[in-house]
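Colleague: Below is one structure. I have some questions about it.
Below you can see the structure in the form of structure tokens.
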């Protein structure tokens, strides 16, 4: 998912204010039918999405299409605006923690479920492009996968990609979660798991929630400790990737390992 820009007030005309209830609030009249301006808008948006294979809709309109399923009886355009204003772009909306999503007025469990379904689907699609394939010849796909899974997390996550002798990805595991600026990593556990899986090589990956992937001294020290532990057992450490919001840093490319 890529960022396509923020939503501005001018992009969304204001409709009658949303009711104070959560997502169960209904703008339809007692007859059970949606007001024509809502139903017509939904049809036009769906038609445009279909006719352009999704390329003719902006991020806020794509978010509306997602929200239609969660809130079928209500104008969702104001909620789409609030979500984008709160989180910044579509990728951050979809990957936001459920608790933060629920803090936005108008978001309930049904909305969270729809967004998390989209998030998991995007992650699995990206993962399918790299699993059981030679990683070093699919490097861009690997970077896309890492960004999809980790770039917008609000805490540090540490993953290990386990490779066989042909550098085919045989396993992708999240080893630990940490805080906004630290994640605990134990070299002994990394090597132990590699031996259990019969891996011949590793790629380490973790994210920086700050958005800046510049490695810290602790990142460099930890990477070198793991490289030394791997070398003793004949396991190759190909790289350590640090994922930021819009770019990544390879410690191998920076000659830090």
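Numbering (the UniProt record's numbering), first residue to last: 1 to 257.
Quick reminder that beta carbons are idealized off the backbone N, C-alpha and C, glycines included.
#1: From this set, 86, 65, 88, 240, which residue's C-alpha is nearest residue 77's C-alpha?
#2: So, is residue 207 buried or exposed, given that buried needs 16 or more other C-beta atoms within 10 angstroms?
#3: Run through DSSP, which three-state label would residue 154 get?
#4: For the alpha helix (DSSP H) containing residue 59, list its first residue and its last residue.
#5: Is the stretch 48-67 touching the stretch 102-117 in the sense that three or more CB pairs, one from each, lie closer than 8 Å?
#6: Measure how close the beta-carbons of residue 238 and residue 201 come, nearest whole angstrom, since I'm counting them as under 8 Å.
#7: Quick one: residues in its chain with C-beta nearer than 6 Å to the C-beta of residue 119, no 5 flanking neighbours on either side, listed in chain order?
#8: Do you know whose CA, among 223, 243, 184, 189, lies nearest residue 211's CA?
#9: Judging by CA-CA distance, which residue of 58, 245, 104 is the nearest neighbour of residue 214?
#10: In the structure shown, what three-state DSSP assignment does residue 78 receive?
#11: Might you give, ordered along the chain, the residues of its own chain that have their beta carbon closer than 8 Å to the beta carbon of residue 252, omitting 5 neighbours on each side?
#12: Provide the residue(s) that pair with residue 176 in DSSP beta bridges, ordered along the chain.
#13: Among 91, 121, 82, 123, whose alpha-carbon lies nearest the alpha-carbon of residue 103?
#14: If residue 145 sits next to residue 130, beta carbons under 8 Å apart, how far is it from one beta carbon to the other, in whole angstroms?
Modeller: On the basis of the data shown:
#1: 65
#2: buried
#3: coil
#4: 59-70
#5: yes
#6: 5 Å
#7: 94, 95
#8: 243
#9: 245
#10: helix
#11: 238, 239, 240
#12: 158
#13: 82
#14: 5 Å
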